[in-house]
Amino acid sequence: MNLNKMTKEELETLSFTDMAEMILKEQKALNTKTIFEQICKLLGYSDEDLEEKIGDFYTSLTTDKRFIFLENGNWDLRCNHSIKIELDDEDEDEIEEEIEPEEVEETDEIDGEIIDDDIDDDIDDDIDELSIVSDEDLEEES
0 MNLNKMTKEE
10 LETLSFTDMA
20 EMILKEQKAL
30 NTKTIFEQIC
40 KLLGYSDEDL
50 EEKIGDFYTS
60 LTTDKRFIFL
70 ENGNWDLRCN
80 HSIKIELDDE
90 DEDEIEEEIE
100 PEEVEETDEI
110 DGEIIDDDID
120 DDIDDDIDEL
130 SIVSDEDLEE
140 ES
């Protein structure tokens, strides 16, 4: 639908980015200010309104996936541009090398149990430190 044929009420129901999309479909790539000036003219906004709202409009363009910012500073619809992605084979080789599994260090294990020669000595020391206290000794201490 042509923006110039729409009523002001119909235009006010559209977002700035929807209007920008319609403008770019008709006129191709334009800079931020030119697009927003056309929107403000259609909505009857003043120059003060334009200056006040253009920052929010720019933010909307940058976050909306329908638009692409071109090298020359203009905006266009993303669907009008193809993006070529090239993969460097060297990078793929480096990634594969990083994924190689690490070697596991050998440990002293017998049937899944870790050998600890000192553990028996520690248990014996703990038992020697224990003492049995009779009930009579407990009563005397109280």
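According to numbering that gives the first Met the number 0, the sequence shown holds residues 0 to 141 in order.
For glycine and all other residues, C-beta sits at the position ideal for the given N, C-alpha and C.
All of these numbers come straight from a predicted model, not from anything done at the bench.
Which residues DSSP lists as bridging residue i, in chain order
i	result
Ile84	Note: Ile84 sits in no beta bridge, so no partner.
Phe68	Trp74
Straight-line Cα distance separating residue j from residue i
i	j	result
Gly43	Tyr57	19 Å
Thr6	Gln37	15 Å
Thr16	Glu102	56 Å
Phe68	Gly54	15 Å
Thr31	Trp74	7 Å
Lys27	Lys4	19 Å
Leu49	Asp87	45 Å
Ser45	Arg65	27 Å
Buried or exposed (CB count within 10 angstroms, at least 16 for buried), residue i
i	result
Leu60	buried
Leu129	exposed
Gly23	A small correction: the amino acid at residue 23 is Leu; Gly does not occupy that position in the sequence shown. Buried, because 16 or more other Cβ atoms sit within 10 Å of the Cβ of Leu23.
Cys39	buried
Ile82	exposed
Ile84	exposed
Ile131	exposed
Simplified DSSP assignment, three categories, for residue i
i	result
Leu29	strand
Gly43	coil
Glu138	helix
Leu13	coil
Ser133	coil
Glu102	coil
Thr61	helix
Met201	Shown here, the chain extends from 0 to 141; a query on residue 201 therefore has no answer.
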